[in-house]
Amino acid sequence: MTTRFTRPSPDILRDDQDALEIRTDILIIGGGPAATWAAINAADTAAEHGLSVTLVDKGWCGASGVAATAGVGHWLTPPGAPQRRETFGVKDATGGGLSDWAWTDAFLDETWAQISRLPDMGWNRVQKKQTVPSLDLTGDNPSGVPYFRGPAPDYLRFLRGQVKKRGVLILDHSPATGLLVTDTRDAVAGAHGHQTQANRGWTVHASSVVLATGGTTWRSHSLGGDTNTGDGQLMAAEAGADLAAMEFSNFQGMVPFGTSMDKNGYFIQAEYRTAGGTPITYTDLHYSRVPIIEHSVRGTVYSRFSQFTPDQWGRVRSSMPNFFAVTDKLGIDPFTEFFPIDWVNEGTVRGTGGIRVDDTTCAAGLPGLFVAGDVAARDKITGAATGAGGPNLAWAVASGAWAGRHAARHASGQVRKDTGVHLDSIASARSGDRRSSSPDWGGSPTASGARCFP
Ligand SMILES: Cc1cc2nc3c(=O)[nH]c(=O)nc-3n(C[C@H](O)[C@H](O)[C@H](O)COP(=O)(O)OP(=O)(O)OC[C@H]3O[C@@H](n4cnc5c(N)ncnc54)[C@H](O)[C@@H]3O)c2cc1C
1 MTTRFTRPSP
11 DILRDDQDAL
21 EIRTDILIIG
31 GGPAATWAAI
41 NAADTAAEHG
51 LSVTLVDKGW
61 CGASGVAATA
71 GVGHWLTPPG
81 APQRRETFGV
91 KDATGGGLSD
101 WAWTDAFLDE
111 TWAQISRLPD
121 MGWNRVQKKQ
131 TVPSLDLTGD
141 NPSGVPYFRG
151 PAPDYLRFLR
161 GQVKKRGVLI
171 LDHSPATGLL
181 VTDTRDAVAG
191 AHGHQTQANR
201 GWTVHASSVV
211 LATGGTTWRS
221 HSLGGDTNTG
231 DGQLMAAEAG
241 ADLAAMEFSN
251 FQGMVPFGTS
261 MDKNGYFIQA
271 EYRTAGGTPI
281 TYTDLHYSRV
291 PIIEHSVRGT
301 VYSRFSQFTP
311 DQWGRVRSSM
321 PNFFAVTDKL
331 GIDPFTEFFP
341 IDWVNEGTVR
351 GTGGIRVDDT
361 TCAAGLPGLF
371 VAGDVAARDK
381 ITGAATGAGG
391 PNLAWAVASG
401 AWAGRHAARH
411 ASGQVRKDTG
421 VHLDSIASAR
431 SGDRRSSSPD
441 WGGSPTASGA
451 RCFP
């Protein structure tokens, strides 16, 4: 079934070489899975109320964010499935018993509801071109469980198409640098930023704002993480939101030495030894990497992917081609040779800290502000352990849907306005320089603001 969407467009108030100024109802900040699922759900809900949706991305929505470099694997279990409790148990134990089981049930139900929409949304057309099918909702496969996994570029491009199809205005290469608040400073009123290609400022007035700017890797240059500089966390904190689980935000990923290729999956069951050739033993690297890190602080550690048999090498290579492009360039055969490894800080991308979310509205801070995806804390799902390998992407889908819907509901009770003052800006917050409260600001960022640009 094909659904055609028509809805009100945002009002363009100013569009010249110095500035772009728009009035919309719902503004989504970010362009990864959380932002696009938020935009889809906001637009579907907004359609009932005649509201417009605008999305701004620091990069190009459909190719930006950390998922863009990866294969996507969602934690996907239907409501009531017995394997859900089993997987919960393992994750809860790994994360120190800090998971909230009712919360996890609720978010997995929402993930299932959203992913189940994919066939109607046209995913089957994408899947037909894939050598290995990425979506199975029936569980009628050798693993016996439903799954949704595969190349992220297919997925992100598809999500961008769905967002556009719903009439959402997308501004690419337009990082947000600060929020707008109402004159009385008691609600969010939009955001402002800079268009890097047009080299002009932008201001978007909106009744609801969803922050979906991803986690932060603390500028460690981890794979795909350069665009994620913690802007959303700072903006939400400035608007009164709380951070949670930041003590679980220093996750270290493993890479071939001298590279940023942090695809951790293959390292989990690999073989390790010291420079002197002494084998390093470990129990479960999902649970703790301390045995390897302990040796790394004393000298270089070497790894080999000897867990794979020769008949599996071809499949393993094709499922993560960019990892092997790097090892090929280095002249390493990781299946047969030991190669030196290093560590890269993956911060809150694979750690679980972020903006605290208390309920399924995903509201945070001032009224009208919502958060989704890695910008939000995920400790209620995996506690102190990493949310990588399924939970994080499932959370991006569910929290995107929740935030998008509630942002639209919030906006439906508001009148479109084009006022608002800068709450603060990333540039001024970091430099201590308070800018004027004119919403027209949009010139080039200061040196410290420029640190937030890829
Ligand atoms: C190599 C790798 C493999 C992974 N594999 C898996 C997996 O298999 N399963 C799993 O569950 N998880 C996986 N993850 C984690 C998963 O990719 C993330 O949880 C997911 O991408 C989070 O989605 P997000 O939209 O919140 O953030 P991101 O995908 O990081 O998107 C953030 C977006 O915000 C934009 N942005 C940032 N700042 C601004 C700003 N100031 N203004 C406007 N836009 C801004 C960025 O351009 C980007 O579009 C993996 C991560 C990595 C690094």
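Numbering (full-length UniProt numbering), first residue to last: 1 to 454.
Backbone N, C-alpha and C fix where the C-beta goes; we use that ideal spot for every residue, glycine too.
- Task: With a cut-off of 8 Å on the beta carbons, I'd call glycine 253 and proline 33 a contact; round off their distance for me.
- Result: Between proline 33 and glycine 253 the Cβ distance is about 19 Å, and since that is not below 8 Å, they are no contact.
- Message: Could you tell me which whole beta strand (DSSP E) segments of length 3 or greater appear in the stretch 268–343?
- Response: 271–274, 301–304
- Item | Distance, histidine 49 Cα to methionine 320 Cα | Each residue's alpha carbon lies about 43 Å from the other.
- Give the DSSP-derived three-state secondary structure of glycine 347 in the structure shown. helix
- Query: Less than 9 Å separating the beta-carbons of isoleucine 28 and alanine 19?
  - Reply: no
- Message: For a minimum of 4 consecutive residues, which ranges assigned as the alpha helix (DSSP H) are wholly contained in the stretch 93–131?
- Response: The stretch 93–131 contains these whole alpha helix (DSSP H) runs: 101–115, 118–121, 123–128.
- Task: State the beta-bridge partners of glutamine 252 as determined by DSSP.
- Result: Asn345
- Message: According to DSSP, is valine 415 part of a helix, a strand, or is it coil?
- Response: coil
- Item | Assigned secondary structure, alanine 176 (DSSP; H/G/I helix, E/B strand, else coil) | strand
- Task: Check serine 220 in the structure and name its three-state DSSP category.
- Result: coil
- According to the Cβ coordinates, are histidine 221 and valine 349 closer than 9 Å? The Cβ atoms of histidine 221 and valine 349 do not sit closer than 9 Å to each other.
- Residues bridged to tryptophan 202 by DSSP? Leu20, Gly193
- Query: CB phenylalanine 88 to CB threonine 360, shorter than 9 Å?
  - Reply: no
- Below 7 Å CB to CB, which residues in the same chain sit around glutamine 83 once its five sequence neighbours on both sides are set aside? Cβ neighbours of glutamine 83 beyond the five flanking positions: Thr77, Val145.
- Query: Does the beta-carbon of alanine 275 have 16 or more other beta-carbons within 10 angstroms, so that it is buried, or is it exposed?
  - Reply: exposed
- Message: In the DSSP assignment, the beta strand (DSSP E) including proline 147 goes from what residue to what residue?
- Response: Per the sequence shown, the amino acid found at residue 147 is tyrosine instead of proline. Counting along the chain, the beta strand (DSSP E) containing tyrosine 147 begins and ends at 147–151.
- Using a Cβ-Cβ cut-off of 6 Å (strictly less than) and excluding sequence neighbours within five positions of alanine 42, which residues of its own chain qualify? Ile26, Val53, Gly404, Ala407, Ala408
- Residues of its chain near serine 260, where Cβ-Cβ distance is below 7 Å and the 5 sequence neighbours each way are ignored: His221, Ser222, Leu223, Val344
- Message: In this structure, how does DSSP classify valine 375 when only helix, strand and coil are distinguished?
- Response: helix
- Message: I believe tyrosine 282 touches valine 301 by the beta-carbon criterion, under 8 Å. Please report the beta-carbon distance rounded to the nearest angstrom.
- Response: So it is not a contact: roughly 11 Å between Cβ atoms.
- Could you tell me the distance, in whole angstroms, from the CA atom of phenylalanine 370 to the CA atom of threonine 36? 14 Å
- Query: What do you get for glutamine 17, buried or exposed, if any count of 16 or more other CB atoms within 10 angstroms of its CB means buried?
  - Reply: exposed
- Hey, histidine 74 and arginine 149: beta-carbon distance below 9 Å or not? yes
- Task: Grab the span of the alpha helix (DSSP H) containing leucine 234 for me, first residue to last.
- Result: 231–238
- Return the chain-ordered list of same chain residues with a C-beta closer than 6 Å to the C-beta of alanine 388, the five sequence neighbours on each side being excluded. Arg350
- Is serine 260 helix, strand or coil when you go by DSSP? Secondary structure at serine 260: coil, using DSSP grouped into helix, strand and coil.
- Run through DSSP, which three-state label would serine 208 get? strand
- Query: Any heavy atom of ligand 1 closer than 8 Å to the Cβ of histidine 286?
  - Reply: no
- Message: Given the structure, does tryptophan 402 come close to ligand 1, in the sense that its CB is under 8 Å from one of the ligand's heavy atoms?
- Response: no
- Task: Pull up the DSSP beta-bridge partners for histidine 422, would you.
- Result: Leu180
- Task: Tell whether a beta-carbon distance below 9 Å holds between leucine 171 and valine 56.
- Result: yes
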